[in-house]
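Take 1 as the starting number for the sequence shown in UniProt numbering and just add one per residue. Written out below as structure tokens is the structure these notes cover.
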Amino acid sequence: MAQLPNNDLFPPSPYCKSYVNEEEITYKTENPLTTIIVANPGKILQLCENLTDTHTKNLEAKMNMYFQAEVDAKKVFFINLFTVSDEAIIQVVQDKILETPIRSCLCEDTISNLVVYKDSGLKCDNLDPKIQTMIDEVIKDEGEHNLIIVPVIAKERKANVTKKLVVSPVYLICFVNTPKDSCFVTKLVNETLNYTLTLLLNTRQCEEEKRLKNQCQSLLSVARRLFSHLGHLNDLLKEIMSEARRLTNAERCSLFLLDPDHMHLVAKVFDGVSPTDKSTEVRIAKDQGIAGHVAATGKTLNIKNAYKHPLFYKGMDEATGFKTRNILCFPIRDEDGIVGVAQLCNKIDGNFDYFDEQVANAFSIYCGISIMHSLVYKKIQDTQARSQLSNELMMYHMRVTDQDVADVLLCEGYHNVPDFDSFSFVPRRVLHREIPCYILKMFDNLNLFDHFRIKRDVLTRFLLYVKKGYRDLPYHNWIHAFSTTHFAYLALKNFSLVEKKYLTKLESLAYLISCLCHDIDHRGTTNAFQQQSDTVLASLYSSEGSVMERHHLSQTLCILNMEGCNFLENLNREDYIICLDLIKNMILATDLAVHYRIHSRQLTMAKESYNNTDPEHRYYLCSLLMTCADLSDQTKDWGETKSVAQLIYAEFFTQGDMMKKMGKEPDNMMDREKASIPDHQLEFLTDCCICIYRILAKIFSSAECLVDAILKNIQAWEVSKNVFSALCVEGTTSYEVLVSNEFENAVQEALQNLTQEEQQGPNGE
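Structure representation (structure tokens):
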């Protein structure tokens with residue numbers, strides 16, 4: 001007969017009873033034995049045997065089906081409780097894995113209250129409303145129902161506690177429409193989970209470790225990709241948002257960088273698309289809206305229902321047709337603080353959760369570092385480009401010697417041509433070598449030398465360097481600079497700008513200097529050409545706009561800072577800073593794109609009467625005066641205007657030829673084969689020039705003569721259209737006609753005939 005094994009070697013399972021000689025075998029254990037009362041031990045063994053999956057969803061599905069069979073319930077499902085993230089999740093109902101898990105956040109009181117019900121079922125009255133909402137979403141099709149909810153409590157050792165085990169809820173198991181009572185169901189759950197809970201929790205922990213591992217790998221991959229785009233900030237920002245969308249599974253993204261000067265957030269990537277230019281940028285006040293709130297507080301916002309949040313602006317959805325459900329908005333920091341805000345919209349598989357917040361906060365660190373390094377790299381590139389341009393300028397020109405300065409100061413020329421102070425005077429007829437002398441004369445006549453204690457030799461050296469700063473171009477040259485400056489002088493004299501307090505004395509000085517330097521080192525090409533050709537200038541200034549104008553300003557300041565050239569040295573610090581700021585604004589105002597942006601406001605200013613105490617009015621007037629000075633060639637007589645047109649189109653057609661060589665199609669007015677010069681001139685005069693000078697005439701009645709001069713030139717160009725048609729035979733370009741003697745004579749004759757007809761009247765008398 002076989003011998004029974006030693007009882008001390010292998011004690012039987014607690015649910016098995018064995019008798020020897022009619023006596024029950026007993027043994028001692030550290031914990032009290034669990035006695036199975038309602039559960040079937042064989043079915044528990046079979047369940048444990050089947051729980052071989054490595055995913056919690058599959059394990060939950062098997063547990064659900066086991067419980068359903070045991071209590072004859074209509075539905076069974078687990079609510080996962082995560083105390084780390086204070087979140088509840090339903091991911092499986094019966095044996096069906098939900099495509100989109102049902103999620104809800106929990107408060108600390110909810111979790112602590114669940115511990116109280118660890119040995120009994122929960123009633124709906126005891127439920128947190130958020131959990132009740134989750135359950136309602138699962139059982140909404142069940143009609144009348146009864147519901148038993150059993151909390152599952154587990155013991156875990158906290159990281160900061162050495163020995164003490166802390167109990168916390170890990171699941172709520174819900175039974176829908178079961179005939180069994182709450183006591184039976186609770187006992188069944190407790191008895192079953194005594195043998196399966198450890199497996200469930202270990203699998204859940206394993207999934208969490210795997211998620212953290214994948215997250216770390218993703219962040220390392222992100223860091224590698226981000227740091228490969230440091231050379232191009234816009235590309236970097238697009239990459240940042242692409243990775244943010246991928247990491248959080250969001251539909252849309254926006255990235256705002258903080259503009260410290262204006263205290264705004266500027267959308268560099270909005271809804272995944274970069275603005276094409278500054279006019280399309282989305283700007284948000286730092287303290288407004290969701291992004292503004294995050295920028296101001298530095299705290300992440302996870303909004304489950306966007307339309308119910310008080311900071312959400314619905315207007316953008318209404319304009320685009322996009323429906324925003326939820327938002328995750330987080331700050332981006334560098335070592336000095338917040339530099340931007342990222343906003344993610346509409347998580348594809350539900351709401352943004354605690355883990356998305358963790359990823360976002362970790363990701364934001366990489367963003368801040370990469371943006372900071374990109375900006376530093378851009379500054380280094382800008383410094384190198386400026387150095388290259390400055391070296392190029394100095395190599396292109398020779399230095400000004402003391403003898404050059406002396407030659408101007410000791411010039412014995414007459415310098416007193418008739419009508420110099422009249423708008424009808426043509427400054428292009430001044431001898432080239434005497435231009436510096438006439439500029440000094442302007443300063444004398446306006447009493448600028450004495451008022452600002454300007455040293456005559458220092459200003460002269462500055463003028464000669466500026467003269468050398470202009471290239472030998474057909475139009476944008478030293479003569480054009482003098483013509484522009486002469487108009488500024490005329491405006492100051494004839495409109496009594498300082499005497500009538502339209503401008504301050506300092507503004508009048510800045511006005512003259514800005515006109516003198518407004519096209520320094522011009523390349524004979526437009527801003528658009530610089531950007532399309534990806535020149536050094538474009539790389540340096542394209543992000544700010546007004547590429548050439550910013551270069552002119554840079555070169556002006558470069559010359560001003562050269563030894564022996566700072567004629568502003570006797571200004572006090574405040575006036576010096578104001579003067580440089582005025583020069584900056586005035587030179588940038590010569591970009592016609594700037595004029596078109598503020599044209600309507602200039603017109604309003606003129607209609608409402610100029611207010612010299614309004615800073616905006618002063619800016620609009622200075623900008624208007626700069627534009628009028630820059631275009632003043634169009635206010636001279638027809639012969640002079642036609643000569644200037646020859647110079648302008650010589651530059652235009654040279655640029656057009658360059659574009660053709662680059663394989664690009666130039667605009668018609670820059671294509672010597674297609675340009676219709678009279679039409680282009682008429683368009684420019686009627687759409688641009690006449691409007692500008694009419695605004696000027698509304699403010700200063702003595703400017704009406706300028707409007708009249710332009711109207712006469714419009715009439716001349718209208719007459720010239722027939723002349724062009726007659727002279728443009730096959731093989732002859734419009735430019736060749738423009739520079740021909742026949743054209744000049746024919747137009748003059750046509751104008752004389754027209755004048756005679758007007759004098760004779762309709763009856764020829």
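For each residue, glycine too, the CB sits at the ideal point set by N, CA and C. As the structure is a prediction and not an experimental result, all values here were calculated from the model.
Original post:
Once you ignore the five residues that flank G298 on each side, which residues in its own chain have a CB closer than 7 angstroms to its CB?
Top reply: The sequence position of residue 298 within the sequence shown is 298, counting from 1. Closer than 7 angstroms at the Cβ level, and outside the excluded window around G298, lie P331 and I338.
**OP:** Report buried or exposed for E507, applying the criterion of at least 16 other Cβ atoms within 10 angstroms of its Cβ.
**Re:** Within the sequence shown, the letter at position 507 stands for residue 507. Taking a 10 Å sphere around the C-beta of E507, we find 16 or more other C-beta atoms and assign the residue as buried.
Subject >> Counted within 10 angstroms of its Cβ, other Cβ atoms place R433 as buried (16 or more) or exposed >> reply: What you label residue 433 is simply residue 433 of the sequence shown in a count that begins at 1. Only exposed fits R433, as fewer than 16 other CB atoms lie within 10 angstroms of its CB.
Subject >> Helix, strand or coil at V84 according to DSSP, with G and I counted as helix >> reply: As a position in the sequence shown, residue 84 is number 84, starting the count at 1. Secondary structure of V84 (DSSP, three-state): coil.
**OP:** Inspect the beta-carbon positions of L602 and L624 and report whether they are closer than 7 angstroms.
**Re:** As a first step, residue 602 is located in the sequence shown; it is residue number 602 there, counting from the start. As a first step, residue 624 is located in the sequence shown; it is residue number 624 there, counting from the start. Reading off the sequence shown, one finds Gln at residue 602, where the question assumed Leu. Taking 7 angstroms as the Cβ cut-off, Q602 and L624 qualify as a contacting pair.
Subject >> Alpha-carbon to alpha-carbon, K308 and F67 >> reply: Here residue 67 is taken as the residue at index 67 of the sequence shown, counted from 1. Here residue 308 is taken as the residue at index 308 of the sequence shown, counted from 1. When rounded, the separation of the alpha-carbon atoms in F67 and K308 is 39 angstroms.
Original post:
Just the Cα atoms here: how many angstroms apart are E544 and A528?
Top reply: Position 544 of the sequence shown, counted from the first residue, corresponds to residue 544. Position 528 of the sequence shown, counted from the first residue, corresponds to residue 528. Cα to Cα, the separation comes out at about 13 angstroms.
**OP:** List the whole-angstrom C-beta distance separating Q646 from C689, where the pair is believed to meet the contact cut-off of C-beta under 8 angstroms.
**Re:** Taking the sequence shown and counting its residues from 1, the one referred to as residue 646 is at position 646. Taking the sequence shown and counting its residues from 1, the one referred to as residue 689 is at position 689. About 18 angstroms; that fails the 8 angstroms criterion.
Original post:
In the DSSP assignment, what are the bridge partners of D521?
Top reply: In the sequence shown, counting from the first residue as 1, residue 521 sits at position 521. For D521, which the question treats as bridged, DSSP gives no partner whatsoever.
Original post:
So, is residue 779 buried or exposed, given that buried needs 16 or more other C-beta atoms within 10 angstroms?
Top reply: Here the chain has residues from 1 to 765 only, and residue 779 is not among them.
Original post:
Is F175 helix, strand or coil by DSSP?
Top reply: Locating residue 175 in the sequence shown gives position 175, where the first residue counts as 1. In the three-state reduction of the DSSP assignment, F175 falls in the strand class.
Subject >> Cβ-based burial, Y366 [other Cβ within 10 Å; buried from 16] >> reply: Locating residue 366 in the sequence shown gives position 366, where the first residue counts as 1. Buried, by the Cβ-count rule.
Original post:
With a CB to CB cut of under 7 angstroms and the five nearest residues on each side skipped, what residues in its chain are close to V747?
Top reply: Numbered from 1 along the sequence shown, position 747 holds the residue referred to as residue 747. Spatial neighbours of V747 in its own chain (CB-CB distance under 7 angstroms, excluding positions within 5 residues in sequence) are listed in chain order as A716, V719, S720 and V723.
**OP:** Quickly, what does DSSP pair S104 with across the bridge? List them, please.
**Re:** Counting from 1 along the sequence shown, the entry for residue 104 is found at position 104. In DSSP, S104 forms a bridge with A88.
Original post:
Anyone know if the C-beta pair for P427 and L463 falls short of 7 angstroms?
Top reply: Start at 1 with the first residue of the sequence shown, and residue 427 comes out as number 427. Start at 1 with the first residue of the sequence shown, and residue 463 comes out as number 463. No. Outside cutoff.
Subject >> Three-state class that DSSP yields for A342 in the structure shown >> reply: The count along the sequence shown starts at 1 and reaches residue 342 at position 342. Strand at A342.
**OP:** List the DSSP bridge partners of I479.
**Re:** For the purposes of this step, residue 479 is identified with residue 479 of the sequence shown, where counting begins at 1. DSSP, once it has assigned bridges, lists no residue as partnering I479.
Subject >> Host alpha helix (DSSP H) of R333 (start-end) >> reply: Within the sequence shown, the letter at position 333 stands for residue 333. For R333, there is no enclosing alpha helix (DSSP H); the enclosing beta strand (DSSP E) has its first and last residue at I327 to D334.
**OP:** Please classify S168: does DSSP put it in a helix, a strand, or coil?
**Re:** Within the sequence shown, residue 168 is the residue found at index 168, counting from 1. Residue state for S168 is assigned as strand, using DSSP reduced to three classes.
**OP:** Go through the stretch 604-686 residue by residue and report every complete run of the beta strand (DSSP E) that reaches 3 residues or more, in order.
**Re:** Contiguous beta strand (DSSP E) elements confined to the stretch 604-686 do not occur, taking only those with 3 or more residues.
Original post:
Assuming L199 contacts V176 under a Cβ cut-off of 8 angstroms, what Cβ separation, rounded to an integer in Å, is found between them?
Top reply: Taking the sequence shown and counting its residues from 1, one reaches residue 199 at position 199. Taking the sequence shown and counting its residues from 1, one reaches residue 176 at position 176. About 25 angstroms separates the beta carbon of L199 from that of V176, a gap too long to meet the 8 angstroms contact definition.
Original post:
How about I90: is its Cβ closer than 6 angstroms to a heavy atom in the ligand SAH?
Top reply: The ligand SAH is absent from the structure shown, which contains no ligand whatsoever.
Original post:
Any beta-carbon of chain D closer than 7 angstroms to the one on H552?
Top reply: Of the protein chains in the structure, only one exists, and it is not chain D.
**OP:** Using the DSSP secondary-structure output, state which residues sit across from F462 in a beta bridge.
**Re:** Here residue 462 refers to the residue found at position 462 when the sequence shown is read from its first residue. Paired residues: none, contrary to the question.
Original post:
Any contact of the stretch 339-353 with the stretch 320-330, i.e. 3+ C-beta pairs under 8 angstroms?
Top reply: Under the Cβ criterion (8 angstroms, minimum of three pairs), the stretch 339-353 counts as touching the stretch 320-330.
Original post:
Cα separation between N302 and N58?
Top reply: The residue you call residue 302 lines up with position 302 of the sequence shown. The residue you call residue 58 lines up with position 58 of the sequence shown. The alpha-carbon atoms of N302 and N58 are separated by roughly 30 angstroms.
Original post:
In or out: R103 buried (at least 16 other Cβ within 10 Å) or exposed?
Top reply: As a first step, residue 103 must be located in the sequence shown, where it is residue number 103. Under this definition R103 is a buried residue.
**OP:** Could you tell me whether the Cβ atoms of A491 and I583 are closer together than 7 angstroms?
**Re:** In the sequence shown, the residue the question calls residue 491 occupies position 491. In the sequence shown, the residue the question calls residue 583 occupies position 583. For the pair A491 and I583, the CB atoms are not nearer than the 7 angstroms cut-off.
Original post:
Does the stretch 645-663 come close enough to the stretch 733-742 to have 3 or more Cβ pairs within less than 8 angstroms?
Top reply: Look at the beta carbons and you see the stretch 645-663 touching the stretch 733-742: at least three pairs across the two are nearer than 8 angstroms.
Original post:
Can you round the beta-carbon distance between L172 and L81 to whole angstroms, since I take them to be within the 8 angstroms contact cut?
Top reply: By 1-based counting over the sequence shown, the position of residue 172 is 172. By 1-based counting over the sequence shown, the position of residue 81 is 81. Right, the Cβ-Cβ distance comes to about 7 angstroms (below 8 angstroms), so this counts as a contact.
**OP:** Please list, in chain order, all residues of the same chain as N668 whose beta carbon is under 7 angstroms from its beta carbon, the five residues on each side excluded.
**Re:** The residue given as residue 668 occupies position 668 in the sequence shown. Sequence-distant Cβ neighbours of N668 in its own chain, meaning closer than 7 angstroms and more than five residues away, are K674 and A675.
**OP:** Report the three-state DSSP secondary structure of V400 (helix, strand or coil).
**Re:** Within the sequence shown, the letter at position 400 stands for residue 400. The three-state reading of DSSP puts V400 in coil, since its state is none of H, G, I, E or B.
**OP:** Indicate whether K484 and V408 have their beta-carbon atoms separated by less than 7 angstroms.
**Re:** Taking the sequence shown and counting its residues from 1, one reaches residue 484 at position 484. Taking the sequence shown and counting its residues from 1, one reaches residue 408 at position 408. First, the amino acid is wrong: residue 484 is Thr here, not Lys. Contact: no.
Original post:
In this structure, does DSSP put residue 768 in helix, strand or coil?
Top reply: What is shown of the chain runs 1 to 765, which leaves residue 768 out entirely.
**OP:** Give the DSSP-derived three-state secondary structure of V76 in the structure shown.
**Re:** Residue numbering aside, residue 76 sits at position 76 when the sequence shown is read from its first letter. In the structure shown, V76 adopts extended strand secondary structure according to DSSP, grouped into three states.
Subject >> Beta-carbon contacts of V266 that lie in its chain and below 7 angstroms, excluding the five residues immediately before and after >> reply: Here residue 266 corresponds to residue number 266 of the sequence shown, with the count starting at 1. Around V266, the same chain offers F256, L257, D259, E281 and R283 as residues with beta carbons nearer than 7 angstroms, after the five sequence neighbours per side are excluded.
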